[in-house]
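Okay, so here's the structure we're looking at.
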Amino acid sequence: MRYEDASQAGSISSEINARDDSDHLAGNDFGPATGNLITGSGTVSGATGTDIAGAGGQITAIAGAGGSDTSFDASGKLEVAGQYGTLTIDAEGNYTYVRNPDSPEGVADTFTYTLASDAGATDTAQLVINIGNLPILQAEGTQTVRTADGVVVLPPGVELSDVRVVGRDLHITMPDGSIMVIQDGAVFVPQLVVNGVEVPAANLAALLIDSEPRPAAGDSTPTQLSSGGNFEVPVQPLDPGVPLGDLLPPTELFYTPPEFEEIGEIVEENDPPTVGASSVNVSEEGVSSIDAPIPDTSGSPDTTNSPTNGGNVPVSDPDGDPLTVTLGTPPSGLTSQGTLIVWSVSPDGHTLTGTAGGNTVLTLVIENDGDYTVTLLRPVDHPNAGGEQGTSFVVPVSVSDGENPVVTGGSITVTIEDDSPTISGRIGEPLLIVDDTTLGVNDTDSFAGAFSVNYGADGAAAANALAYALSITAGPSGLVDVQTNEAVNLVMNGAVVEGRSATTNQLVFTVSVDGSGNVTLDQLRAVKHDDASDPFETGGSAATLSADSLVRLSIVATDRDGDQASISIDIGQNLRFEDDGPSMSLVSASEPTLTVDDTTLATNASASFAGLFSATVGNDLP
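Under my numbering, the residue at position 593 of the sequence shown is numbered 594, and the numbers go up by one with no gaps.
What follows is the structure in structure tokens.
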């Protein structure tokens with residue numbers, strides 16, 4: 002319970018006036034410098050920096066070159082970095098300043114503080130920490146530049162008698178006759194340093210009562226005997242003292258005791274709430290907006306396969322006040338399928354939505370207790386191709402208790418984990434069949450159906466999503482060239498597979514693939530077949546390579562943000578070469594007749610049957 006003197010009752014003034022303060026650290030002094038901004042105690046500026054804010058005045062904010070602080074920590078302090086050091090301060094105005102170890106001399110670190118009264122009025126002022134030797138007053142035309150802590154060092158040759166009051170300003174006559182002006186110097190009297198001697202502001206103010214300093218008060222006429230007058234006239238003895246006490250009648254003193262009035266409980270100050278930081282991961286591996294989800298355990302990071310995840314931003318209020326938590330918008334720049342993501346926050350501040358091209362990409366919903374949920378609905382482009390990675394952005398979080406200013410500085414870091422495409426081979430690869438009989442007649446078939454591709458959440462790349470290529474195991478193919486009887490070796494000529502005779506380098510066949518997965522086999526020379534009883538050797542009897550793995554077809558799938566998957570299948574024995582064995586046909590129905598006679602047994606009969614038949618050897622040659 003608090004009591005006040007009702008006989009002295011009156012309204013508390015709402016006037017507030019924050020006044021600049023200054024402090025100083027020597028060149029070799031790194032602090033701490035301490036003092037009180039409200040009372041001026043401990044500062045170089047002293048009482049001239051005393052603030053007016055009433056009994057309940059307090060510091061509510063501080064700002065410096067490194068930022069600002071409005072949230073008191075657990076020890077009741079604000080802290081901010083300046084240009085050359087760090088300042089901490091409590092609500093009562095008590096401050097501590099510590100210089101950075103590598104800070105220079107001859108500089109000043111300036112801070113701005115906010116002072117608030119009980120009535121809610123505010124004012125700001127500055128605290129200037131001068132480091133090293135104080136600068137001497139410099140002239141700028143007819144004006145002067147005052148040091149930040151209110152100390153003016155006058156040039157040599159200037160006396161106090163050269164200082165006079167002109168309106169609100171102080172005018173100082175310099176040795177060269179020029180006038181230097183200290184603006185408002187008669188209202189906010191500075192401390193002067195005259196020929197190395199400090200003249201405190203209070204002393205200077207007393208000397209300026211008659212518009213100009215009078216170092217030795219008194220009349221200087223010859224007849225006066227003051228210390229400032231004529232010492233040539235002898236000083237006469239003092240008259241006997243008068244007992245002044247006998248001239249006063251008895252005095253009756255009256256005292257009215259104070260009256261006390263109960264005014265109720267003391268209202269305690271309401272402390273602001275606090276808000277912290279949180280982080281969460283969601284994954285494209287669970288998003289099915291474009292292609293089927295592809296969960297896996299690869300990538301960095303890969304902590305989840307889910308497109309939905311949540312967490313909690315720590316919020317609290319020392320006074321137990323109900324809190325309102327709100328979201329801000331993250332920085333711009335993220336895209337989905339190449340379209341910029343645009344962020345918006347609901348009117349109540351609880352829902353953040355990211356959209357791209359009219360499609361909702363992501364939502365973040367937060368409750369007043371700090372619990373939140375992130376839902377990824379469409380892919381977010383990742384900047385680096387070639388593998389799964391994470392893309393992160395930061396969502397600002399603020400909290401209010403309805404009593405204090407909104408507290409900012411909270412955050413949720415959201416990381417979008419990447420996915421990558423998958424590709425697999427299928428059963429039922431096509432066969433490419435050529436025939437020695439019709440050299441130069443190619444066989445082409447599509448192998449695109451031999452692969453199954455899933456691009457996942459990102460979808461297929463805008464261009465060249467699928468790329469096909471051939472490769473070989475160089476060397477003997479297992480085939481033999483008929484004309485040279487040389488083994489046929491496999492070689493690569495750019496992107497084309499060639500079969501060439503081992504010694505004479507004759508081109509026997511080629512294998513090529515186009516961008517759509519169409520593979521072409523082109524036979525240019527006949528190859529040997531191993532079944533003499535089968536002149537055609539079709540189907541499974543056709544000549545082929547000695548191993549399926551000698552020729553390989555690979556495919557690379559690329560998704561929208563550059564991630565890739567690849568697979569290779571063996572097609573060496575999908576290449577078939579049928580025989581063109583010799584053929585014979587009857588070309589004449591008139592067969593010759595052979596006649597002999599018993600009479601002439603020794604006489605034979607002969608005739609040619611060659612004309613009855615037509616024989617074709619083919620490309621295998623006789």
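Glycine residues also receive a C-beta, built at the ideal position from the N, C-alpha and C atoms.
Gly287 sits in a helix when the DSSP states are folded into three classes.
Within the segment 504-534, the runs of beta strand (DSSP E) at least 3 residues long that lie entirely inside it are, in chain order, 508-514, 519-524. Its Cα nearest to that of Ile183, the residue His172 stands out among Ser421, His172, Val195. Here the segment 298-317 does not lie against the segment 423-432, with fewer than 3 beta-carbon pairs under 8 Å apart.
Close CB contacts of Thr125 within its chain, under the 8 Å cut and outside five residues either way in sequence, are with Ala19, Thr113, Tyr114, Thr115, Leu116 (chain order).
For Leu205, the enclosing alpha helix (DSSP H) begins and ends at 202-208. Shortest Cα-Cα distance from Ser307 to any of Thr374, Glu269, Val528 involves Thr374. Asp103 sits exposed, since fewer than 16 C-beta atoms from the chains shown fall within 10 Å of its C-beta.
Collapsing the DSSP output to three states places Asp444 in a strand. Within its own chain, the residues whose Cβ lies closer than 6 Å to the Cβ of Thr89, once the five positions on either side in sequence are excluded, are Lys78, Glu80, Thr97, listed in chain order. The shortest CA-to-CA distance from Asp564 to any of Asp531, Pro384, Asp599 is the one to Pro384. At a Cβ-Cβ threshold of 8 Å, Ala451 and Ile570 count as neighbours.
In the DSSP secondary-structure assignment, Ile417 is bridged to Val283, Thr392.
Around the beta carbon of Asn196, fewer than 16 other beta carbons sit within 10 angstroms, so the residue counts as exposed.
Beyond the five residues adjoining it in sequence on each side, Arg561 comes within less than 8 Å, by CB distance, of Gln338, Gly339, Pro380, Asp382, Tyr456, Asp459, Gly460, Ala461, Ala462, Ala463 in the same chain, given in chain order. Less than 8 Å divides the Cβ of Leu525 from the Cβ of Val509. Rounded to whole angstroms, the Cβ separation of Asn310 and Asp372 is 12 Å, and the two are not in contact under 8 Å. For Glu269, there is no enclosing beta strand (DSSP E), since its DSSP letter is neither H nor E.
DSSP, read as helix, strand or coil, puts Ser23 in strand.
Here the alpha carbon of Val407 sits roughly 6 Å from the alpha carbon of Val400. For Thr115, DSSP records a beta bridge to Ala62, Thr125. Per the C-alpha coordinates, the member of Asn369, Ser345, Ser607, Asp444 positioned closest to Leu522 is Asp444. Asp185 and Ser23 have their C-alpha atoms some 18 Å from each other.
Taking Pro274 as the centre and dropping the five residues before and after it, the same chain places the C-beta of Asp318, Leu324, Val400, Asp402, Val408 closer than 6 Å to its C-beta, in chain order. Val283 sits buried, since 16 or more C-beta atoms from the chains shown fall within 10 Å of its C-beta.
Between the C-alpha atoms of Glu286 and Gly83 there is a straight-line separation of about 47 Å.
Annotation: the continuous beta strand (DSSP E) that includes Pro477 extends over 476-481. DSSP, read as helix, strand or coil, puts Thr409 in strand. CA-to-CA, the gap between Asp74 and Asp91 works out to about 10 Å. The three-state reading of DSSP puts Leu595 in coil, since its state is none of H, G, I, E or B. DSSP places Ile39 in no beta strand (DSSP E); its state is neither H nor E. For the segment 323-395, the continuous beta strand (DSSP E) assignments of 3+ residues that do not extend past its boundaries occur at 325-328, 343-346, 352-357, 360-367, 372-377, in sequence order.
The residues Ile473, Thr474, Ser478, Leu491, Gly573, in chain order, have a CB closer than 7 Å to that of Leu551 in the same chain once the five nearest residues on each side in sequence are set aside. Measuring C-alpha to C-alpha distances from Asp21 to each of Ser412, Gly518, Thr111 identifies Thr111 as the nearest.
Around the CB of Pro348, fewer than 16 other CB atoms lie within 10 Å, so the residue is classed as exposed. Taking a C-beta distance under 8 Å as the contact criterion, Ala558 and Val454 qualify as a contact pair.
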